[in-house]
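In my numbering, the protein residues as written are 9 to 229.
Beneath this line is the structure, given in structure tokens, with notes to follow.
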């Protein structure tokens, strides 16, 4: 009596159903407050079945992080057409990022907020996703610079720094956009594109700003 009755379905389908429910609960309540009872109820299965399929709360959370991180990376990659100019490639990548995070706010919370604050194992999963996106953006910037002019490739360290800065800005802006009523994915992408491309556009054309000599820097008093 009281057991949740479930229809027979392939294990892989049932497991995705459990992950869907887990992402929603983890995203809404946070890892510590989320309960396996809530997840099982939302998935329409018994709690023992969740444990049978996914072993533990920790393993379930890890599976959620991996699935949603992979989905985000794939969305960004698939959003970029390599036959378009550099500014369009960057725009399409940013738009794909913001569209995905807006459409999957619980998943974004799990990957960006929850995973980073509940232990090194979870944080490492999120870091791996971030590294893959940074590498992709690094490639976009480097290729754009090479295509814009034949010889002054941007220094590798500078390209890497620009990619880190751009991804960090996108992450922060996605959190803000999801929490701010009326901000669309396209508006968020346009905000960051306008901010970033004014500088990146010059850099890809070989025009960069140079700081004054160290002796001219203003030192704090």
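Glycine included, each C-beta is placed from N, C-alpha and C at the ideal position.
> Does the segment 117 to 133 come within contact of the segment 55 to 73, defined as at least 3 CB pairs closer than 8 Å?
Replying inline: Yes, the segment 117 to 133 touches the segment 55 to 73.
> Alpha carbon to alpha carbon, what distance is there between residue 109 and residue 159?
Replying inline: Residue confidence for residue 159 is low, a pLDDT of 47 falling below 50, so the modelled location carries little weight and cannot support an answer.
> So, helix, strand or coil for residue 57, using DSSP?
Replying inline: Correct three-state label for residue 57: helix.
> Within this structure, are the beta carbons of residue 107 and residue 194 separated by less than 9 Å?
Replying inline: Using a Cβ distance threshold of 9 Å, residue 107 and residue 194 count as a contacting pair.
> Alpha carbon to alpha carbon, what distance is there between residue 184 and residue 68?
Replying inline: The alpha-carbon of residue 68 is positioned some 27 Å away from that of residue 184.
>> Whole angstroms are fine: how far does the CA of residue 126 sit from the CA of residue 177?
In response: Those two C-alpha atoms are separated by around 23 Å.
> So, helix, strand or coil for residue 188, using DSSP?
Replying inline: Correct three-state label for residue 188: coil.
> On the three-state DSSP scale, how would you describe residue 82?
Replying inline: In the three-state DSSP reduction, residue 82 falls in the helix class (H, G or I).
> What does a CB cutoff of less than 8 Å around residue 134 pick up in its chain, not counting 5 residues either side in sequence?
Replying inline: Take residue 134, set aside five residues on each side of it, and the residues of its chain with a beta-carbon closer than 8 Å to its own are 73, 77, 119, 120, 123 and 124, in chain order.
> Quick one: what does DSSP say residue 38 is sitting in, helix, strand or coil?
Replying inline: DSSP, read as helix, strand or coil, puts residue 38 in coil.
>> Please classify residue 200 as buried or exposed, where buried requires at least 16 neighbouring CB atoms within 10 angstroms.
In response: Counting C-beta atoms within 10 angstroms of its own C-beta, residue 200 has 16 or more neighbours from the protein chains shown and is therefore classed as buried.
>> Suppose the cutoff is 7 Å on Cβ atoms and the five residues either side in sequence are ignored; what does the same chain contact list for residue 167 look like?
In response: Within the same chain, residue 167 has close Cβ partners 146, 149 and 150.
> Rounded C-beta distance between residue 79 and residue 51? I'm assuming under 8 Å.
Replying inline: Contact between residue 79 and residue 51 does not hold, since their C-beta atoms are separated by about 18 Å, which reaches or exceeds 8 Å.
>> Given this structure, state the Cα-to-Cα distance separating residue 85 from residue 170, to the nearest angstrom.
In response: Rounded to the nearest whole angstrom, the C-alpha separation of residue 85 and residue 170 is 18 Å.
>> So, with DSSP's three-state summary, where would you put residue 52?
In response: It is coil, neither helix nor strand.
> What residues in its chain sit with their C-beta under 6 Å from that of residue 46, if we drop five residues either side in the sequence?
Replying inline: Only 33 meet the Cβ criterion.
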